[in-house]
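Encoded as structure tokens, the structure appears first; notes follow it.
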Amino acid sequence: MKSKGFTLVEIMIILAIIALLAAIAIPNFLNAQMAANTQAAKENIRNLSAACEKYAAANNAVYPATLAQLSTFISTAGSYCADASGGVTTSKGYQYRCTLASKGYTLTASPVTQGITGTVAYTASTGGVFTP
234 MKSKGFTLVE
244 IMIILAIIAL
254 LAAIAIPNFL
264 NAQMAANTQA
274 AKENIRNLSA
284 ACEKYAAANN
294 AVYPATLAQL
304 STFISTAGSY
314 CADASGGVTT
324 SKGYQYRCTL
334 ASKGYTLTAS
344 PVTQGITGTV
354 AYTASTGGVF
364 TP
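Numbers in the working numbering are just positions in the sequence shown, counted from 1, shifted up by 233.
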């Protein structure tokens, strides 16, 4: 009588194939996620800097000193700036620090874990100066 089902050897071969595919796919996924985090941080800092510059252009070269003032030009400012005094906010693998004052600003985005959640720290300062 012939039994129905798979033998242990067949199941082991299937599991080995699945493990091989996972070993190939997981590192690629993690690298793609890290690249996306890095690009998002870059764009967020650029957008926050642009909002600070727009605020200054509309207010006789006086920069936003509070998060509420900055939020009038970028609605997502609260997602990345904890407060105007340099508090830290974490989003998508990056830590954001916003230091706002009427004479200028400094915005930074640093990876939570270098090489895992991101690769580059970004800084924007008064005048729209952006450094990777």
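For each residue, glycine too, the CB sits at the ideal point set by N, CA and C.
query                                                                                                                                                                     : result
Counting only the same chain and skipping the five closest in sequence on each side, list residues whose C-beta sits under 7 Å from that of valine 345.                   : Thr323, Gly326, Tyr327, Gln328
Pick out the complete alpha helix (DSSP H) segments inside the region 271-340, 4 residues or longer, and give them in chain order.                                        : 300-304, 310-313
Is the region 349-363 in contact with the region 300-320, if contact means three or more CB pairs nearer than 8 Å?                                                        : no
Tell me the residue span of the beta strand (DSSP E) that contains valine 362.                                                                                            : 362-364
Identify whether alanine 367 lies in helix, strand or coil by the three-state DSSP scheme.                                                                                : The shown model of the chain, from 234 to 365, leaves out residue 367, and the question about it has no answer.
Kindly indicate which residue of Ser335, Ile278, Gln272 has the alpha-carbon position closest to the one of threonine 309.                                                : Ile278
On the premise that threonine 271 lies in contact with threonine 352, defined as a C-beta separation below 8 Å, what is that separation, rounded to the nearest angstrom? : 5 Å
Under 8 Å, do alanine 284 and isoleucine 307 count as touching if we go by C-beta distance?                                                                               : yes
My guess is that threonine 299 and leucine 333 are in contact by the Cβ rule of under 8 Å, so how many angstroms apart are they, rounded?                                 : 7 Å
If you run the structure through DSSP and keep just helix, strand and coil, what is alanine 354?                                                                          : coil
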